[in-house]
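Note sheet for the following structure.
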DNA sequence: TTTTAGACCATTTTT
DNA sequence: TGGTCTAAAA
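Residue numbers (UniProt numbering): 1 to 730.
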């Protein structure tokens, strides 16, 4: 078989990675160096050259998006769907293992996945049960604590308070939480990994089975693995399985949620015989952009070492813009973005990146004002919406009566007269008898522990769920869901929502559509069948928990893209704006104190810079409103870490006055600072006959129609026609 | 049960 | 400043 197409158009290190012998390899893949391409070609190589069955290949990613992309690119390259291959996220694959071996993992067959919202609710409930003061014991913090322990592979019994009572309380909550999960057959995200790791640990036969089955293991975004994920991989790999770990230590930006950059640094010693392959040729950005990125990241210690290069040419300089304030920064960005569009560029080629979500508001306002369509990434995802979560809770309850999280969520949604008092009685009973809320409800009614009214409200709910489940046996899943939505009153309930009612009803309809689609495309493979995975509804619920879907329905219009630097990882855009390059915003004040945190911020900056293909703007504001407080700002140290000759300042700080008659830049050059100054400039203090003193914060138009916005000390912000207002400079 | 007023507080986010 | 959450009032 001719396999030259697998390596033909690759550069030497890419080729080396793709055609490496069956041994472990660490591929240090710089930004834009063709990482996914290498992974996909490697898999094809394993199948076509090494004659490894797809059944013996496992490829692990972090996000569903990455897993889907890998799958479709493999299919495109091979021209067929490789059956039996395990491609998925860590969580997805761990989940698959637990489903297949639920008995050995000590889980009920219908165990359910607890997402972060359910988890928080459950922790809150446990805090109440343990009589903890929510002021002192923030459930969010406790949840974070539990997850952090699981990410480290630690169970409550592995933890020792060493007499520290507050530490002991945390451990107690963790323990109670774990018991509640076990009782209800619920598994959170961290548990998926921890439990499947323990499954292998406790069942050597099973482990050996998988070790023999898989002959090659590939891991994407290796720098993002946490301790348990790494342990999971090592255990599966054993002594012999060749692992190809692909990652970039310079793009490790998730340390704060447990990712361990050491994993990539220790890989070669933990997997003996591993060679390192560096992919340093970049196919994305101009040389200027890469030089800036290289120079910046060189300030970090203990790197694996990598220098990105390109033969694509020097390109334009990086434009640095010092805005007067955040409003003006936003306006500048919008203006430049529109210029791109005016010159024939697509809006979707433009990305505005920022460090924190709070920055998006001002940017949005500026975009709206200018009538520029935009799209924000990272909003609420489909399966995270209130109405969808409620609907799923009903489905989960139909599937598993002991799912307390689901029960708590919808027992009184829509309101059916089950108040807090009834619920408290049921909760108390459940706690005493160590049973689920469902069972407690049933027994409480039977034993007449509830008032007639309470029982009269609770019983119909129980019957509703029972009835729905009976009906579901003869109906297609989508029809079951539609029926549930009607009979439960959820549609009616959510329709009533004041401003979001319409959208909510639509989303519920969309859920039915999604279910129908899922149903049509879903077919368990032989392996799933053997594992008893034959229930569509269960599979649908699982996938909703593991993949929250997109934030917005597919957007066809040509939009400017707004997102945080974190969510920009893995993406690329011809034109990129990085906004808010100010000390204590970026690097963020929460991270700049300790050296580790600062280095991660720097990597985040590196990620941002390397998103840009052609042109990069870095902007900051000399003054920014923070929690209502106007603050003076200084530009980010990261700007200083980029060699000056790569930068081009559009305006130099406050020292250059920006006259009101300033002609907005229209020529291709962005350096247009030398315009004769007139009387007024942004940030100037002025005095008005009626309103008194204030600061000039904004302007629009020119000549006789020019208007200015002045923030007056006494009467606040006002727009004034410059030619009428008789302003005086102070 | 729903609405409203004050308190509180404030990176980054996927599974 | 504004969004979220809890507690009090309609």
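Ideal Cβ placement from N, Cα and C applies to all residues, glycine included. What you are looking at is a predicted structure, and each value in this text was computed from that prediction instead of being measured.
From 578, 35, 74, residue whose alpha carbon lies closest to that of residue 43: 74
Contacts around residue 366, its chain only, beta-carbon distance under 8 angstroms, and the 5 residues preceding and following it disregarded: 327, 330, 331, 333, 334
query: Considering only the beta carbon of each residue, do residue 685 and residue 730 sit closer than 8 angstroms?
result: yes
query: Are the beta-carbon atoms of residue 217 and residue 85 separated by less than 8 angstroms?
result: no
query: Out of curiosity, what's the CA-to-CA distance linking residue 247 and residue 277?
result: 11 angstroms
message: Can you tell me where the beta strand (DSSP E) holding residue 615 begins and where it ends?
response: 612 to 626
- prompt: Would you call residue 590 buried or exposed, if buried means 16 or more other Cβ atoms sit within 10 Å of its Cβ?
  reply: exposed
task: Under 8 angstroms by Cβ, that's how I've got residue 732 and residue 318 pegged, so tell me the actual separation to the nearest angstrom.
output: It is not possible to answer for residue 732, since the shown part of the chain is limited to 1 through 730.
- prompt: Along the chain, where does the beta strand (DSSP E) that runs through residue 435 open and close?
  reply: From DSSP, residue 435 is part of no beta strand (DSSP E); its letter is neither H nor E.
query: Around the C-beta of residue 45, are 16 or more other C-beta atoms found within 10 angstroms, so that it is buried, or is it exposed?
result: buried
query: If you run the structure through DSSP and keep just helix, strand and coil, what is residue 573?
result: strand
task: Could you tell me which of 148, 443, 615 sits nearest to residue 574, measuring between CA atoms?
output: 615
task: Spell out the partners DSSP gives residue 695 in its beta bridges.
output: 685, 711
- prompt: From which residue to which residue does the beta strand (DSSP E) around residue 89 run?
  reply: 86 to 89
- request: To the nearest angstrom, report how far apart residue 272 and residue 21 are at their CA atoms.
  value: 14 angstroms
- prompt: Which residues does DSSP pair with residue 494 in a beta bridge?
  reply: Looking at the DSSP assignment, residue 494 forms no beta bridge with any residue, so it has no partner.
query: Is it a yes or a no for the stretch 469 to 477 touching the stretch 351 to 365, going by three-plus beta-carbon pairs under 8 angstroms?
result: no
query: With 16 other CB atoms within 10 Å as the buried threshold, where does residue 666 fall?
result: Note that residue 666 scores a pLDDT of 33, beneath 50, so its modelled location is shaky; the value from the coordinates is reported in the next line. By the neighbour-count rule (16 or more Cβ atoms within 10 Å), residue 666 is not buried but exposed.
field: Rounded C-alpha distance that separates residue 504 from residue 34
entry: 41 angstroms
task: Entirely within the stretch 164 to 221 and at least 3 residues each: give me those beta strand (DSSP E) ranges in chain order.
output: 186 to 188, 216 to 219
query: What is the DSSP secondary structure of residue 292, counted as helix, strand or coil?
result: helix
- prompt: For residue 584, which beta-bridge partners are listed by DSSP?
  reply: 588
task: Give every residue of the same chain whose Cβ lies closer than 8 angstroms to the Cβ of residue 664, excluding the five residues on either side of it in the sequence, and list them in chain order.
output: Legend: pLDDT at residue 664 = 34, less than 50; position of this residue unreliable, no value from coordinates given.
message: Using a Cβ-Cβ cutoff of less than 7 angstroms, which residues in the same chain neighbour residue 477 once the five nearest sequence positions on both sides are dropped?
response: 515, 519, 536, 537, 540
message: Less than 8 angstroms between the C-beta atoms of residue 97 and residue 123, yes or no?
response: no
field: Entirely enclosed beta strand (DSSP E) segments - the stretch 296 to 326, minimum 3 residues
entry: 318 to 325
Expected contact under 8 angstroms - CB spacing of residue 568 and residue 619 to nearest Å: With 8 angstroms as the limit, residue 568 and residue 619 do not qualify as a contact, their Cβ atoms being about 16 angstroms apart.
field: Segment limits, alpha helix (DSSP H) that includes residue 14
entry: 12 to 18
- prompt: Within this structure, are the beta carbons of residue 160 and residue 228 separated by less than 8 angstroms?
  reply: no
query: Measuring CA to CA, which of 293, 465, 453, 37 is closest to residue 5?
result: 37
field: Assigned secondary structure, residue 648 (DSSP; H/G/I helix, E/B strand, else coil)
entry: strand
task: Label residue 587 either buried or exposed according to how many other C-beta atoms from any shown protein chain fall within 10 Å of its C-beta, with 16 as the threshold for buried.
output: buried
- request: Return the residue from the list 64, 81, 41 that minimises the CA-CA distance to residue 55.
  value: 81
- prompt: Across which residues does DSSP place residue 27 in a beta bridge pair?
  reply: 246, 277
message: Please return the same chain residues whose Cβ sits closer than 7 angstroms to the Cβ of residue 210, not counting the five positions on each side in sequence.
response: 236
Simplified DSSP assignment, three categories, for residue 632: strand
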